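Residues 37 to 480 in my numbering are what the sequence shown lists, from first letter to last. No residue lacks a Cβ here, since even glycine has one placed at the ideal position from N, Cα and C. Please read all numbers here as calculations on a predicted model, not as lab measurements.
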Amino acid sequence: MEKIVSLCKRRGFIFQSSEIYGGLNGLWDYGPLGVELKRNLKNYWWRVMVHERDDVVGMDGSILMNRAVWKASGHEDTFSDPMVDCRVCKTRMRADQVIEKKGARQCPNCGSKDLTEPRPFHLMFKTYVGATEDESSITYLRPETAQSIFVQFKNVLEVSRKKLPFGIAQIGKAFRNEINPRNFTFRSREFEQMELEYFCRPEQGMELLEYWKEERLKFYENIGISRANLHVRNVPNEESAFYSKGTYDIEYDFPFGRQELEGVAYRTDYDLSQHQKASGKSLEYFDEETKQRFIPHVVEPSAGVDRTVLALICEAYSEDEAPDEKGKMEARIVLRFHPRVAPIKCAVFPLLKNRESLVVKAKEIVDLLRPCMTVFYDESGAIGRRYRRQDEIGTPFGITVDFETLGEKDPSLRDTVTLRERDSMKQERVKISDLLELLSMRIA
Ligand code: ATP
37 MEKIVSLCKR
47 RGFIFQSSEI
57 YGGLNGLWDY
67 GPLGVELKRN
77 LKNYWWRVMV
87 HERDDVVGMD
97 GSILMNRAVW
107 KASGHEDTFS
117 DPMVDCRVCK
127 TRMRADQVIE
137 KKGARQCPNC
147 GSKDLTEPRP
157 FHLMFKTYVG
167 ATEDESSITY
177 LRPETAQSIF
187 VQFKNVLEVS
197 RKKLPFGIAQ
207 IGKAFRNEIN
217 PRNFTFRSRE
227 FEQMELEYFC
237 RPEQGMELLE
247 YWKEERLKFY
257 ENIGISRANL
267 HVRNVPNEES
277 AFYSKGTYDI
287 EYDFPFGRQE
297 LEGVAYRTDY
307 DLSQHQKASG
317 KSLEYFDEET
327 KQRFIPHVVE
337 PSAGVDRTVL
347 ALICEAYSED
357 EAPDEKGKME
367 ARIVLRFHPR
377 VAPIKCAVFP
387 LLKNRESLVV
397 KAKEIVDLLR
407 PCMTVFYDES
417 GAIGRRYRRQ
427 DEIGTPFGIT
437 VDFETLGEKD
447 PSLRDTVTLR
457 ERDSMKQERV
467 KISDLLELLS
477 MRIA
């Protein structure tokens with residue numbers, strides 16, 4: 037993990053938030069490459085979950101909502117984690133982080149047995165809306181995106197005219213005042229979720245819970261996470277919400293252990309029923325064919341953007357050897373991102389920066405590719421060094437413009453370039469006019 041965290045900072049994937057002031061625990065900023073990786077992930081999720089389906093529409097809800105939402109959903113009363121303090125070293129931890137040894141509870145930090153009893157710690161960040169800070173202006177930063185989907189269910193249903201089963205998808209920020217943020221970005225206090233609320237008839241719930249398992253596993257495979265590192269954990273009843281009829285987590289083998297990437301829960305009609313009761317507004321669905329009116333059930337695949345970004349980086353990180361300028365093997369760090377999520381798709385290099393004809397040609401290629409993909413132009417340093425810099429940030433393709441491109445050696449090679457592939461380091465000669473199609477296909 038240390039190597040990964042240091043690479044993330046050195047190359048501009050992830051920085052500590054407010055770093056020049058000593059940071060703030062559990063908060064992170066994404067740098068120039070991190071933001072590209074994150075956007076590629078979110079765009080691909082949106083493409084697969086919304087654009088490529090007839091039965092899902094999207095929405096984008098506000099982070100602050102009427103406090104009544106959080107009362108009705110149960111969050112105001114129950115969204116808490118049990119917290120324990122060590123009286124000796126003053127470490128504050130979640131109750132599940134306490135070590136159990138021979139029936140005795142121990143502090144994971146100092147080993148002391150002098151611990152407080154677990155007490156609930158509320159995870160929502162409280163804030164005030166408007167000029168007065170009193171009881172009537174309290175609300176919370178949302179701890180999940182799902183609730184805005186539930187409270188807009190009727191509006192979205194009416195405008196989209198969908199029939200059950202259908203889903204509403206959303207990507208957005210969520211906030212939780214985690215007791216003990218740790219493992220880099222894995223447990224943060226501000227993070228993004230990609231959530232789908234898939235509404236159905238009550239009798240379809242269990243079947244759809246199962247249906248989403250394969251769909252979601254396929255998603256992770258399609259962004260380059262190997263199936264061998266993914267695991268489905270059925271969450272036992274005592275751990276899941278009381279209204280859930282079934283929950284499983286999709287977990288990933290992080291370097292710090294097997295941990296949850298996504299939770300898929302069959303939430304029954306709990307949320308819509310609660311909001312219908314509390315608001316007094318009907319959230320029922322009318323089935324034209326059977327003339328039945330009822331509150332739909334819902335299956336929710338809820339994934340974390342930041343955790344998936346971290347998994348992508350962990351999965352991609354590798355070290356091998358590559359030849360330097362003189363053919364001597366040297367160590368190389370390479371991020372083997374799937375081209376679909378790689379922050380930069382293609383780097384373009386003129387062989388020499390002081391030969392204007394090479395530079396002009398290379399810049400023409402940049403202009404040709406840029407409307408369709410992220411391109412990085414680099415003319416400084418030996419070509420091997422330039423390749424290596426791109427390997428380290430996971431750029432899958434490198435294009436070199438050399439004298440053959442100019443037709444100086446062999447006229448038949450005029451307007452061709454070398455296309456180098458990051459993982460195999462294989463080089464092929466490709467016509468400039470074929471580049472756009474070839475690369476677009478490989479990054480799709
Ligand atoms: P955990 O048990 O790890 O606290 P959770 O079961 O409370 O997670 P959910 O409420 O199911 O999480 O939220 C759905 C998804 O949101 C999680 O699978 C995870 O990817 C993401 N998520 C939740 N809490 C955090 C957090 N503190 N930091 C980053 N991502 C988070």
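Contacting residues, own chain, Cβ-Cβ under 7 Å from residue i (five flanking each side not counted)
i: proline 154; result: Pro118, Met119, Val120 and Ala131
i: isoleucine 174; result: Arg103, Lys162 and Tyr164
i: lysine 74; result: Tyr66, Val341 and Val345
i: leucine 63; result: Ser53, Ser224, Arg225 and Glu226
i: phenylalanine 292; result: Met37 and Asn219
i: leucine 200; result: Phe235, Cys236, Arg237, Tyr321 and Pro332
i: valine 466; result: Thr452, Val453, Leu455 and Leu474
i: aspartate 356; result: Arg368 and Val370
Extent of the continuous alpha helix (DSSP H) run through residue i
i: methionine 477; result: 468-479
i: valine 396; result: 392-405
i: serine 276; result: That residue, serine 276, is in no alpha helix (DSSP H); it is neither H nor E in DSSP.
i: alanine 378; result: Where alanine 378 is concerned, there is no enclosing alpha helix (DSSP H), given that its DSSP letter is neither H nor E.
i: glutamate 428; result: 419-429
i: phenylalanine 186; result: 182-187
Residue i (DSSP reduced to helix, strand or coil)
i: arginine 46; result: helix
i: aspartate 307; result: helix
i: arginine 294; result: strand
i: arginine 225; result: coil
i: lysine 209; result: strand
i: proline 192; result: Going by the sequence as given, residue 192 is valine instead of proline. Three-state result, valine 192: helix.
i: threonine 436; result: strand
i: glutamate 38; result: helix
i: cysteine 350; result: helix
i: arginine 89; result: coil
i: arginine 130; result: strand
i: aspartate 65; result: strand
i: threonine 344; result: helix
i: aspartate 446; result: coil
i: proline 238; result: helix
i: glutamate 112; result: helix
i: glutamate 214; result: coil
i: asparagine 219; result: coil
i: asparagine 145; result: coil
i: lysine 199; result: coil
i: arginine 465; result: strand
i: alanine 167; result: coil
Spatial neighbours of residue i in its chain, beta-carbon cut-off 8 Å, leaving aside the 5 residues before and after
i: glycine 260; result: Leu348, Glu351, Ala352, Arg372, Phe373, His374, Arg376 and Val377
i: valine 93; result: Val86, Val192, Ser196, Lys198, Phe202, Gly203, Ile204 and Ala205
i: threonine 441; result: Leu394, Lys397, Leu449, Arg450, Asp451, Thr452, Val453 and Ile468
i: leucine 404; result: Ile468, Leu471 and Leu472
i: serine 476; result: Cys408 and Met409
i: leucine 244; result: Pro201, Tyr234, Cys236, Tyr302 and Val335
i: glutamate 112; result: Arg103, Trp106, Met160 and Tyr176
i: alanine 480; result: Arg376
Extent of the continuous beta strand (DSSP E) to which residue i belongs
i: proline 68; result: Unbroken run through proline 68 is the alpha helix (DSSP H), 68-82; no beta strand (DSSP E).
i: tyrosine 247; result: Per DSSP, tyrosine 247 belongs to no beta strand (DSSP E); it is in the alpha helix (DSSP H), 241-258.
i: valine 105; result: Here valine 105 belongs to no beta strand (DSSP E); instead the alpha helix (DSSP H) covers 103-109.
i: alanine 383; result: 382-386
i: serine 338; result: 333-340
i: glutamine 328; result: 328-330
i: alanine 358; result: 353-359
i: serine 116; result: 116-121
i: aspartate 323; result: 321-323
i: glutamate 457; result: 452-457
i: glutamate 366; result: 365-371
i: proline 156; result: 155-158
i: phenylalanine 161; result: First-last for phenylalanine 161: undefined, no H or E at that position.
i: arginine 141; result: 140-142
i: isoleucine 135; result: 135-137
i: isoleucine 174; result: 174-176
6 Å CB neighbourhood of residue i in its chain, flanking five on each side removed
i: valine 370; result: Ser354 and Asp427
i: phenylalanine 157; result: Ser116, Asp117, Met119 and Ile215
i: threonine 454; result: Thr436 and Gln463
i: glutamate 180; result: Ala210
i: methionine 129; result: Val120 and Asn216
i: tryptophan 81; result: Met230
Short CB-CB distance (under 8 Å) between residue i and chain B
i: glutamate 320; result: As a matter of chain content, chain B is missing from the structure shown, which is built from one protein chain.
Inset, instruction - May I ask you to verify whether the stretch 407-423 touches the stretch 366-384, counting CB pairs closer than 8 Å and requiring at least 3? - result: Two segments are said to touch when three or more pairs of C-beta atoms, one from each, lie closer than 8 Å; by this definition the stretch 407-423 touches the stretch 366-384.
Inset, instruction - Pair every Cβ in the stretch 270-279 with every Cβ in the stretch 88-108, then say whether three or more of these pairs are closer than 8 Å. - result: Counting C-beta pairs with one atom in each stretch, the stretch 270-279 and the stretch 88-108 have fewer than three that are closer than 8 Å, which means they do not touch.
Legend entry - Meets three-Cβ-pair contact criterion under 8 Å: the stretch 215-222 and the stretch 177-195: Cβ pair count under 8 Å is below three, so no.
Inset, instruction - State whether the stretch 358-369 contacts the stretch 232-250, with contact taken as three or more CB pairs (one from each stretch) at a distance under 8 Å. - result: Judged by pairs of C-beta atoms under 8 Å, the stretch 358-369 does not touch the stretch 232-250, as fewer than three such pairs exist.
Inset, instruction - Determine, using beta-carbon pairs with one atom in the stretch 291-302 and one in the stretch 323-338, whether at least three such pairs fall under 8 Å. - result: Contact annotation: the stretch 291-302 touches the stretch 323-338, with at least three C-beta pairs closer than 8 Å.
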